[in-house]
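*Asks:* The listed protein sequences derive, respectively, from chains A and B. Quick note on the working numbering: the first sequence kicks off at 881 and runs consecutively. Quick note on the working numbering: the second sequence kicks off at -2 and runs consecutively. Every residue gets a Cβ at the ideal spot worked out from N, C-alpha and C, and that includes glycine.
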Amino acid sequence: MNEAVRDARAGGTVSDPPGAVAEDGLEVAESLRPTDAAALADQVGDAAAAGRALLVHGAGTRFETGNPALRADVRLDTRGLSGIDELDADEGVVRAWAGTPLAELREKAVASGHELPFDPPGEGTLGGTLASAAAGLRFANVRDAVLGLDVVLGSGEATRSGGRVVKNVTGYDLAKLHVGAFGSLGVITAAWIRLRPAPEAVRVFEGPAPDARASLAAARLATARAAAIHDGRLIVELAGDAPSVEADRERLPVREETAAERVDALRDVQGGRAVLRVRVTGVASGLPAAAACLEGAGGVTLSLPAQGLLYAAFDDSDPKALGAALEAAGRAAGLAGGELRIERAPLAVRRAHDVFGDPGPLRGIHRALKQRFDPAGILNPGRFAGRL
Amino acid sequence: MSQLHAALRAIVGPEACLTRAEELYVYEADGLTVHSARPSAVVLPADTDQVARVVRACRAHGVPFVPRGAGTGLSGGAVAADDGVIIECSRMDRVLQISGDDRLAVVQPGVVNADLSKAVAHTGLFYAPDPSSQLACTLGGNVAENSGGPHTLKYGTTTNHVLALEMVLPDGEVVRLGSRSGHAPGFDLVGAVVGGEGTLGIVTEITVRLVPVPESVETLLGIFPDVVSACRAVGAITKSGLVPAALEIVDRRTIEAVEASVYAAGLPTDAGAVLIVELDGPEAGVARQVERVREFALSHGARVEVARDEAERQRFWRARKGAFGAMGRLAPDLYVHDAVVPRAKLPEILERVCEIGDRYRLRLCNVFHAGDGNLHPNICFDRRDADELARVVAAGEEILRTCVEAGGVISGEHGIGTEKREYMPLLFGEADLDAMARLRESFDPERVCNPGKVFPSTRFCVESNPKARGYDRVPL
């Protein structure tokens, strides 16, 4: 935390000098870093009244994913809202501010006998992880770990949904709407998260990937917490109680024991800085053909068969090659029976393609939600699906 | 109205359109008998197209409509407001597709919860959410209420198991949300609609995730001297990092009711509480987990039995699953409450709940999902006794306030419906409710789809004059 931020802790905002940041080819005049939720709500409210467009930022690790902003006047940095508000170790739940680094949360979770249910590539913030629903190697369903959410809507109101308890149907589950919305409906300021009990045993094994069916069976073992196919290798992390892990080890088609860091390293493919990186989702039976299609087009793939996720990275920046890669990615999504998302691409590609895919017949509902939650259209304008 | 009835008959056929008073009588309430209203008609469409046409006909006549499954809901969610039309989906009861390889099934909303697991049994998979009403309740209703059940502790609730939906929007348009992979471009609309209590549209097809039948299942019965020590044992078990498939407590008053009924499970009626623990997973791990749970129970003063076979397992569960039926014998009406508190607060809250019941001179007993902190105080009463009914309502409100003060919420799995709409401000401020209204209005700007639910009546005067026809039995 720098001096200025610390000084402003009592409540307020830190402003970076104008012109300090540029995003998506747009010069952003100002960067604000509110240090409490009330200040953030004020700023969003002021921006709405003045029609100033906000680019909402955590650590920026996921910022590359998104359509180019249509307008950007102010960068709103959530990292001033940082820290753990309450960690209930008995209950296995934690409330933290959006700007809290995942690393800090992870450390505190481990110290309390738990593990954090997020492991996305890069060292992002809690808010950024939720806003981008950032899957990792082990934990793909970010939404399922969120118990309650504080959000400042585009109109400036500070709102709360859910709660701290692990089961709750009190009112609409608004958290689902904001998780994965890339800050287009509101700015997440804090969250209650359900931690996972720390596994007693964790062991990682790898070897040449067997056929698709055997790989899938391995990925679906009861204790398989992560399972990836990359570069012809199957890597499986088993986690759970020791006897169950031991029993599953006997069932694994790969036998070379390796370190847990092997799994962490795969996140470099999942979130790497290739020229073009895509994510294809699909059903288990469709992924192998989709992976073959992407590899045929020169992609380096990472397949997470149990989670129905497939990543591919392409390094040729020639426009023709990029076009061919995108075309293959579209075909792969069809083969997988799922959806294509462009997670990283040059600006020109992001201008030409909606990186999230088009909401299609649901465009009307998307627009209605955007209009109601962000009536002035100031939150990340143009960046989300349907260029909302 | 007769014009609308004629239009509805033309769409679904005369035999699938009910308008006579004696036909409508059973549709006046759902499982919560104290809130009731007479619909103007009930239609039983055969397919999505009929649902869409019924919705458009209702729109054309300015009449609200309410989706309904089996009517087992416990918060009044399937009751029609203001002469509305009930769209019952029970005829749409086909399992359309089962894919063992992809671990999913596509069903129509009228498929009964338990029937789905039976239909997919040959794949070695099952559908995990198992509300206590699973022999009757339908998947469409489960989606509306985000239903839970005893096994949500490990497996999650309905929202964790729905991949895609087809639904008829309140303007009659048919859309598909989500996908077989669970991902779709844009907002997580499936996540928003599950638990939407049928206010965002009418779900006509559901794609659900299936999970593997565990290799091994063990069920233990802990017999405790009192309910507080049972709760403490639950705290010790969850804190240890064990994740049982179920952790259910049945209190002494419930045991007495069960043992006096056809559901008798041979439980000692002098026990203060019984705890049912189910552990599942790989055989090697479960065996050791059983020992750990046994030790936690013993050290909290319990006597422990481990089911030796399936018959005994079923007997243990009978104490839990037969509880509502057993209590139904005791009085004409049963009010099943639903609230959640942090697990560590369970012992203290239970004592207060029982004290509240005693103070209001009510027959109150507890059967609950202890592992989730999800309380179900049940009150046996007779709604024809106005004084008793008033005490039931007052005690219920006090119980909810107590749970909220303890950091809890007012519904864990039954929903808000008409039952708890006036209590929403206990948890949510004006801005929070307004955010929910923004979601509602994005789907249903005119609030014609299941009006009068979820939101407090003061919010939308048009949809919910509390004195309006319908919710007049309970002064909320």
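Out of B:N110, B:S176, B:A181, point me to the one whose CA is closest to T154 of chain B's CA.
*Replies:* B:N110
*Asks:* If you run the structure through DSSP and keep just helix, strand and coil, what is D926 of chain A?
*Replies:* If DSSP states are grouped into helix, strand and coil, D926 of chain A belongs with the helices.
*Asks:* On the DSSP bridge list, what partners appear for W1072 of chain A?
*Replies:* A:R975, A:G1028
*Asks:* Closer than 9 angstroms, CB to CB, is F1236 of chain A near chain B or not?
*Replies:* yes
*Asks:* State the Cα-Cα distance for the pair T455 of chain B and E402 of chain B, rounded to the nearest angstrom.
*Replies:* 23 angstroms
*Asks:* Give the interface partners of V406 of chain B over in chain A, defined as CB-CB distance under 7 angstroms, in chain order.
*Replies:* G1043, V1045, N1048, T1050
*Asks:* Taking only beta-carbon atoms, is R1221 of chain A less than 9 angstroms away from chain B?
*Replies:* The C-beta of R1221 of chain A comes closer than 9 angstroms to at least one C-beta of chain B.
*Asks:* Taking 9 angstroms as the threshold (beta carbon to beta carbon), is I1258 of chain A in contact with chain B?
*Replies:* no
*Asks:* Unbroken beta strand (DSSP E) runs of length 3 or more, entirely within the stretch 30 to 76 of chain B: which are they?
*Replies:* Whole beta strand (DSSP E) segments, 3+ residues: 38 to 40, 62 to 65.
*Asks:* Give the C-beta separation of N447 of chain B and G195 of chain B to the nearest angstrom, bearing in mind that I take them to be a contact with Cβ-Cβ under 8 angstroms.
*Replies:* So it is a contact: roughly 5 angstroms between Cβ atoms.
*Asks:* So which residues of chain A does E438 of chain B contact, with C-beta pairs closer than 8 angstroms?
*Replies:* A1248, R1252
*Asks:* Determine the direct distance from the alpha carbon of A1213 of chain A to that of K1200 of chain A, and round the result to whole angstroms.
*Replies:* The straight-line gap from Cα to Cα measures roughly 20 angstroms.
*Asks:* Applying the criterion that 16 or more other CB atoms from any shown protein chain within 10 Å of the CB defines a buried residue, is K115 of chain B buried or exposed?
*Replies:* exposed
*Asks:* For A243 of chain B, which three-state DSSP category applies?
*Replies:* strand
*Asks:* Is DSSP giving N462 of chain B helix, strand or coil here?
*Replies:* With a pLDDT of only 37 at N462 of chain B, under 50, the local geometry of the prediction cannot be trusted, and the value read off the model is given with reservation. N462 of chain B falls in the coil class under three-state DSSP.
*Asks:* Who are the Cβ neighbours of C1173 of chain A in its own chain at under 7 angstroms, not counting the five residues just before and after it?
*Replies:* Within the same chain, and ignoring the five residues on either side of C1173 of chain A in sequence, the residues whose Cβ sits closer than 7 angstroms to its Cβ are A1208, R1211, A1212, L1215.
*Asks:* Any idea what DSSP makes of T941 of chain A, helix, strand or coil?
*Replies:* Reduced to three states, the DSSP call for T941 of chain A is coil.
*Asks:* If you measure from the beta carbon of L361 of chain B to each beta carbon in chain A, is any gap under 9 angstroms?
*Replies:* no
*Asks:* Over the uninterrupted alpha helix (DSSP H) stretch that includes F452 of chain B, give me the two end residues.
*Replies:* Neither: F452 of chain B is in no alpha helix (DSSP H) and is coded neither H nor E.
*Asks:* Which term fits H937 of chain A, buried or exposed, when burial requires 16 or more other beta carbons within 10 angstroms of its beta carbon?
*Replies:* buried
*Asks:* Output needed for Q1251 of chain A: all residues of its chain with C-beta closer than 7 angstroms, excluding positions within five of it in sequence on either side, in chain order.
*Replies:* none
*Asks:* Taking beta-carbon pairs under 7 angstroms, can you tell me which members of the stretch 1013 to 1024 of chain A lie near chain B?
*Replies:* R1023, D1024
*Asks:* From what residue to what residue does the beta strand (DSSP E) around Q94 of chain B run?
*Replies:* 92 to 96
*Asks:* Taking the alpha-carbon positions, what's the S144 of chain B to A4 of chain B distance?
*Replies:* S144 of chain B and A4 of chain B have their C-alpha atoms spaced approximately 34 angstroms apart.
*Asks:* For D99 of chain B, return the contacting residues in chain A, with the cut-off set at a CB-CB distance below 7 angstroms.
*Replies:* V1163, A1164, S1165
*Asks:* Can you list, in chain order, the residues of the stretch 330 to 361 of chain B whose Cβ is nearer than 8 angstroms to any Cβ on chain A?
*Replies:* Across the stretch 330 to 361 of chain B, CB contacts with chain A closer than 8 angstroms involve V337, V338, P339, R340, A341, in sequence order along the chain.
*Asks:* Against M164 of chain B, what residues of chain A qualify as contacts under a CB-to-CB distance less than 7 angstroms, listed in chain order?
*Replies:* Within 7 angstroms Cβ-Cβ: nothing; M164 of chain B doesn't reach chain A, min ~11 angstroms.
*Asks:* Give the secondary structure of G1008 of chain A by DSSP, where H, G and I count as helix, E and B as strand, and everything else as coil.
*Replies:* helix
*Asks:* What first and last residue would you give for the beta strand (DSSP E) that runs through P265 of chain B?
*Replies:* Neither: P265 of chain B is in no beta strand (DSSP E) and is coded neither H nor E.
*Asks:* Candidates B:V60, B:D90, B:C351, B:G73: which alpha carbon is nearest D79 of chain B's?
*Replies:* B:V60
*Asks:* Tell me whether Q94 of chain B is buried or exposed, calling it buried when 16 or more other Cβ atoms sit within 10 Å of its Cβ.
*Replies:* exposed
*Asks:* Going by alpha carbons, who is nearest to G409 of chain B out of B:A189, B:F440, B:P339, B:A328?
*Replies:* B:P339
*Asks:* Who does M164 of chain B pair with in a DSSP beta bridge?
*Replies:* B:V172, B:V200
*Asks:* Report all residues from its chain with a CB closer than 8 angstroms to the CB of E1003 of chain A; omit the five preceding and five following residues, and keep chain order.
*Replies:* A939, T941, P981, L982, A983
*Asks:* Using alpha carbons as the reference points, say which of A:G1176, A:V1235, A:S1064 lies closest to P1226 of chain A.
*Replies:* Of the candidates A:G1176, A:V1235, A:S1064, the residue whose Cα lies closest to the Cα of P1226 of chain A is A:V1235.
*Asks:* Rounded to the nearest angstrom, what separates A1038 of chain A and L1156 of chain A at their Cα positions?
*Replies:* 37 angstroms
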